[in-house]
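The letter at position 59 of the sequence shown is residue 164 when you use this note's numbering, and the numbering goes up by one with no holes. Every residue gets a Cβ at the ideal spot worked out from N, C-alpha and C, and that includes glycine.
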Amino acid sequence: MKAIAFLVFLVIPIVLRAQQVPDFDYDPKIDHPVYAAGKGPLVFIDEAHHNFHTIAGRYNAFTKVLQRDGYVVKPNTQPFTKTGLQHVAILVIANALNERNVTDWAKPNPSAFAPDEIQVLNEWVKNGGSLFLIADHMPIAGANEDLAKSFGFTFYNGFATDTTAGLFPGAKKELDLFRKTAGTLAEHPITKGITSIATFTGQAFTMPPKAVSLLTFDEKYQVLLPDTAWKFHQTTPRIPIKGFSQGAVSGYGKGRLAIFGEAAMFSSQLKGRDKMPFGLKSPDAGQNQAFLLNLIHWLDQRQPRL
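Encoded structure:
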């Protein structure tokens, strides 16, 4: 019976994720947009690297939030080049994958980006561009590891887990709360007026000294490092991650970086047969939209760098 129960546990998270669909009815309210409609800076959302989140898909709500604030949002459909990015103010890369892992979420997890693309992105940010890199749990963290490393961040290609809520991600809860009262949500211009942020099972990373962690794990958390996504067992390697980050910002040359290890927090999706809200509409995520806008404004250099 124990073996059967364990197998059922492995299957359930995969089935539930398959039932997550975009919430196309998400209707963001923004009382005071920073730009007139369609008059703001150009934001590219990457769709050239087998991205799990796209404008017409899981990041439809993300796109609506930015558009309601006046930003011009377009898809990036080509490999990154200096010419292709010359008019872009903010580049969003959400859950890019290598072609090898599009249908196979087992290791190895090679880079989603060619070395010359990583070099282009480094130079673009150094010269004033703003990069919003979002890379979820394994295998996506692995696909973005080389890009993150080029900026001084180390991604852990696994699942950040509250061990007090069960041995495996999603065992007893499906979200993580970062709170100012607990010291896990930082005091920063980006978090002004925000008391808590919800995320939904992502990865963890370490960062260079100049970066500021906005979402920081406490002693309850470990990162599990399975060989295949969502397949865990008693001997799955794990690392304590107290002090590791799931969301950080940093200056880089003349530009700015926002690095996040979970993507659903900025989406609106419907989950399961009952179409339960997941992401921005989740009851515990009521401040996530304001947090997203603050991040975009910071990347848009409407706030001091640090």
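- Message: Across the stretch 144-161 and the stretch 173-183, are there enough close Cβ pairs to call them in contact, namely three or more that are closer than 8 Å?
- Response: yes
- Task: Mind checking who Gln181 pairs with in its DSSP beta bridge?
- Result: Rather than Gln, the amino acid found at residue 181 in this sequence is Asn. Asn181 is bridged by DSSP to Asp151.
- Give the DSSP-derived three-state secondary structure of Asp389 in the structure shown. helix
- Query: Just reading off the beta strand (DSSP E) that Ala363 is part of, what are its end residues?
  - Reply: Gly360 to Phe365
- For Gln351 and Phe305, believed in contact at Cβ under 8 Å, the rounded distance: Between Gln351 and Phe305 the Cβ distance is about 11 Å, and since that is not below 8 Å, they are no contact.
- Which whole-angstrom value is the C-beta distance of Lys359 and Lys231, which I expect to be below 8 Å? 6 Å
- Query: Rounded to the nearest angstrom, how far is the Cβ of Leu375 from that of Asp128, given a contact under 8 Å?
  - Reply: 5 Å
- Along the beta strand (DSSP E) that carries Arg343, what are the first and last residues, could you check? Arg343 to Pro345
- Backbone CA spacing between Ala291 and Phe185 [nearest angstrom]: 32 Å
- Task: Look up Tyr357 in the DSSP assignment and give the residues it is bridged to.
- Result: According to DSSP, Tyr357 bridges with Gly360.
- Message: Quick check for students: name the residue ranges of the beta strand (DSSP E) that lie wholly in the stretch 314-351, counting only runs of 3 or more.
- Response: 317-321, 326-329 and 343-345
- First and last residue of the uninterrupted alpha helix (DSSP H) at Gly247: Ile245 to Ala248
- Item | Reduced DSSP secondary structure (H/G/I, E/B, other) of Lys187 | coil
- Message: Suppose you measure from the CA of Ser301 to the CA of Asp130; what does that come to, to the nearest Å?
- Response: 24 Å
- Candidates Leu190, His155, Trp403 and Glu279: which alpha carbon is nearest Asn203's? Relative to the Cα of Asn203, the nearest Cα in the group Leu190, His155, Trp403 and Glu279 belongs to His155.
- Message: Which of the three DSSP states is assigned to Val207 in this structure?
- Response: Here Val207 sits in coil by DSSP.
- First and last residue of the uninterrupted beta strand (DSSP E) at Phe167: Counting along the chain, Phe167 falls outside any beta strand (DSSP E), though it belongs to the alpha helix (DSSP H) covering Asn165 to Arg173.
- Query: For Asp267, which residues does DSSP report across the bridge?
  - Reply: Tyr326
- Minimum C-alpha distance to Lys297 - residue among Asn399, Phe365, Asn165 and Leu330: Asn399
- Query: At what residues does the alpha helix (DSSP H) containing Ile223 begin and finish?
  - Reply: For Ile223, the uninterrupted alpha helix (DSSP H) segment begins and ends at Pro220 to Lys231.
- 9 Å Cβ cutoff met for Phe264 and Pro213: no
- Message: DSSP has Tyr261 in a bridge; who is on the other side?
- Response: In the DSSP output, where bridge partners are listed per residue, Tyr261 has Ala309.
- Taking Cβ positions, are Phe371 and Ala309 nearer each other than 9 Å? no
- Message: Could you tell me the alpha carbon to alpha carbon distance between Gly162 and Gln124, rounded to whole angstroms?
- Response: 14 Å
- Query: How is the beta strand (DSSP E) around Pro382 delimited, first residue to last?
  - Reply: Element bounds for Pro382: Met381 to Gly384.
- Message: Under 8 Å, with one C-beta from each stretch per pair, do the stretch 216-235 and the stretch 189-196 reach the 3-pair mark?
- Response: yes
- Buried or exposed: Asp73, going by 16 or more other Cβ atoms within 10 Å of its Cβ? Given that the chain is displayed from residue 106 to residue 411, the structure contains no residue 73 and the question cannot be resolved.
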